[in-house]
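Trainee: Counting in our numbering, the sequence shown runs from 38 upward without gaps.
Glycine residues also receive a C-beta, built at the ideal position from the N, C-alpha and C atoms.
These numbers were taken from a predicted model, which means no experiment stands behind them.
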Amino acid sequence: MSASRLDPLLSPSFSAFTGFPLADPKDIEAVEDSASGGSKYSIVFPVISGLVLAVAFPPLPFPFGVLAYVGLIPLVLACERLKGRSLFAAGFLQGLVFYGATIYWIAWITPPGMIAAVLYLSAFRGLFALGCGALIRRFRPLGIWLTPFLWVAFE
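Pasting the structure below:
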């Protein structure tokens, strides 16, 4: 593949090419400092991501499984706009929602074990969010393409 064919993938018009809204780091202020936009990216997007991924898993019927393909998009959008501790907190919150909804059955045997498992597994989602934010900031816009490799590494 020639370099000219890769230009749309590596250019600032990447969002126009894919429809994925990438923001320029110079234009983004720290969203966590903003009272109006901070909660949207640090709370709402991770909760939506966790719920969408939870719905994609059994015991719900087959058609909902396709949601797994888009379930991480809200979390990645949040990772693009948040920094530092807010990144970890967003990933951790997404993990709390997802694991709380999918491994609830462990509480039938051991409620403290379920709480410990949810907290332990959610920490990995927080670390993923930290890594995702670092990849996006360091390798813009190539960082979006590297995110799936990071996801597999944490799995």
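1) Among V113, T139, W188, which has the Cα closest to the Cα of F161?
2) What first and last residue would you give for the alpha helix (DSSP H) that runs through P95?
3) Answer yes or no: does any C-beta atom of chain B fall closer than 9 Å to that of T147?
4) Check this for me: beta carbons of V155 and L179, under 9 Å apart or not?
5) Using only the alpha-carbon positions, how far apart do F176 and P149 sit?
6) With three or more beta-carbon pairs closer than 8 Å as the criterion, would you say the region 106-126 touches the region 167-176?
7) Could you compute how far the alpha carbon of A126 sits from the alpha carbon of K77?
8) Note the first and the last residue of the continuous alpha helix (DSSP H) segment covering W209.
9) Would you identify the three-state DSSP class for R174, choosing helix, strand or coil?
10) Please classify R42 as buried or exposed, where buried requires at least 16 other C-beta atoms within 10 Å of its C-beta.
11) State the start and end residues of the unbroken alpha helix (DSSP H) segment that holds L194.
12) DSSP state of L119, grouped into three classes?
13) Check this for me: beta carbons of A190 and F135, under 9 Å apart or not?
14) Our contact map puts V89 next to L104 with C-beta atoms below 8 Å; I'd like the distance itself, whole angstroms only.
Mentor: With the structure as the only source:
1) W188
2) Where P95 is concerned, there is no enclosing alpha helix (DSSP H), given that its DSSP letter is neither H nor E.
3) In the displayed structure, chain B is absent; only one protein chain is listed.
4) no
5) 41 Å
6) yes
7) 13 Å
8) Beyond the ends of the chain as shown, which are 38 and 192, falls residue 209; an answer cannot be given.
9) helix
10) Per-residue confidence for R42 stands at a pLDDT of 46, beneath the threshold of 50, marking its modelled position as unreliable; the derived number appears in the next sentence. Classification for R42: exposed.
11) Residue 194 is absent from the model: the chain starts at 38 and stops at 192.
12) coil
13) no
14) 5 Å
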